[in-house]
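> Below: one structure in structure tokens.
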Amino acid sequence: MTPVKGGYAVDVPVINVSDRARREQASVFSTFKAFGVTFRRMFRSLFKGDMPTISYPEQQRPYSERFRGTHILTVRNDGSLKCVACYMCATICPAECIYIEAGEHPNPEIEKFPQRFDIDMMRCIYCGFCVDACPEEAIVMSREHHQAVYNRSDTIYNIEKLMQRPGIAAKGPGYRPNVPFAEARIFDPATQKECPFPSVVDERHPAVLYESQINKRH
Ligand code: SF4
Ligand code: SF4
4 MTPVKGGYAV DVPVINVSDR ARREQASVFS TFKAFGVTFR RMFRSLFKGD
54 MPTISYPEQQ RPYSERFRGT HILTVRNDGS LKCVACYMCA TICPAECIYI
104 EAGEHPNPEI EKFPQRFDID MMRCIYCGFC VDACPEEAIV MSREHHQAVY
154 NRSDTIYNIE KLMQRPGIAA KGPGYRPNVP FAEARIFDPA TQKECPFPSV
204 VDERHPAVLY ESQINKRH
């Protein structure tokens, strides 16, 4: 039977597992056949060195350029942050984990820049919606996924950490709208020591994101 959903006919295959098992003659023989696959893999690993296992973290596999890892804030050619503090990423974020405070940019054509841009990595679900929503190619993702830290406050990444950290150069950019970059670039600490418009908010409260979200809900 073809169910109808939203005015369109949709073919949904129905699988009856017991019928299928009877048809395919599931038996003791098929169980041993399955064991055969396991043993074949085991002997290949033992004698041919065909080991699919990676000894993490000593060995690490290369990830795709579409990998949704820890975020990167990109910069313009002059090294200033590409972000114009439009709040589109923070608005679309389903985990509500982006916190931005906008400042007035000296260039009236740019208008705004983020004085503060924090992402709470423990709330982030790495969906990439912020990257999709950004009209400026200002936030992209990397191929980094190591998030092990010793305290909660280290899981909140501020502008400096989002813009430059050792893992960015080591792993490279991941999910982003343009490959190669169209208008932005990644901050290069070898050629540039600091961002022309750094964060001006000195005091950082690790709980600020939680507090702001809790206050919003009440
Ligand atoms: S990846 Fe998703 S959850 Fe994480 S900051 Fe971006 S929009 Fe929010
Ligand atoms: S990162 Fe992009 S979407 Fe988010 S505030 Fe900056 S310009 Fe807007």
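In this text, residue positions in the sequence shown follow my numbering: the first is 4, and each later residue adds one.
Heads up, the beta-carbon is just placed ideally off N, CA and C, and yes, glycines get one too.
Just curious, the alpha helix (DSSP H) that residue 163 is in, first and last residue?
Residue 163 -> alpha helix (DSSP H) spans 162-166.
> Out of 51, 128, 65, state which residue places its alpha-carbon closest to the alpha-carbon of residue 57.
Closest option to residue 57, Cα to Cα, is 65.
> Since residue 75 contacts residue 165 with CB under 8 Å, what's their CB separation in whole angstroms?
About 6 Å separates the two Cβ atoms, so the contact holds.
> With 16 as the cutoff for other CB atoms within 10 Å, does residue 39 come out buried or exposed?
Answer is exposed; the Cβ neighbour count stays below 16.
> Report the partner residues of residue 188 according to the DSSP bridge assignment.
According to DSSP, residue 188 bridges with 78.
> Distance, Cα to Cα, residue 136 vs residue 33?
Approximately 50 Å between the Cα atoms of the pair.
> Does DSSP put residue 143 in a helix, in a strand, or in coil?
Here residue 143 sits in strand by DSSP.
> List the endpoints of the continuous beta strand (DSSP E) containing residue 117.
Residues 115-123.
> How is residue 103 classed by DSSP in three states: helix, strand or coil?
Strand at residue 103.
> How should residue 84 be labelled, buried or exposed, when 16 other C-beta atoms within 10 angstroms of its C-beta is the threshold for buried?
So residue 84 counts as buried.
> Residue 144 and residue 71 - do their beta-carbons sit closer together than 8 Å?
Yes; because the gap between Cβ atoms is below 8 Å, this pair is in contact.
> For residue 176, which three-state DSSP category applies?
DSSP places residue 176 in strand when its eight states are reduced to three.
> Less than 8 Å between the C-beta atoms of residue 132 and residue 89, yes or no?
No. Outside cutoff.
> Cα separation between residue 4 and residue 69?
With a pLDDT of only 47 at residue 4, under the threshold of 50, the placement of this residue in the model should not be trusted; the figure read from the coordinates follows. For residue 4 and residue 69, the distance between alpha carbons rounds to 39 Å.
> The alpha helix (DSSP H) with residue 34 in it runs from where to where?
Residue 34 -> alpha helix (DSSP H) spans 31-51.
> Do the segment 144-157 and the segment 100-118 meet, that is, are 3 or more Cβ pairs less than 8 Å apart?
No contact exists between the segment 144-157 and the segment 100-118.
> Can you check which of these residues, 197, 124, 167, 92, is closest to residue 157 by C-alpha distance?
For the residues 197, 124, 167, 92, the minimum Cα distance to residue 157 belongs to 124.
> Given this structure, state the Cα-to-Cα distance separating residue 86 from residue 174, to the nearest angstrom.
Their Cα atoms are separated by approximately 22 Å.
> Name all residues in chain order for which at least one heavy atom of ligand 2 lies closer than 6 Å to the residue's CB.
Selection output, chain order preserved: 86, 87, 88, 89, 90, 91, 92, 103, 136, 137, 139, 141, 142.
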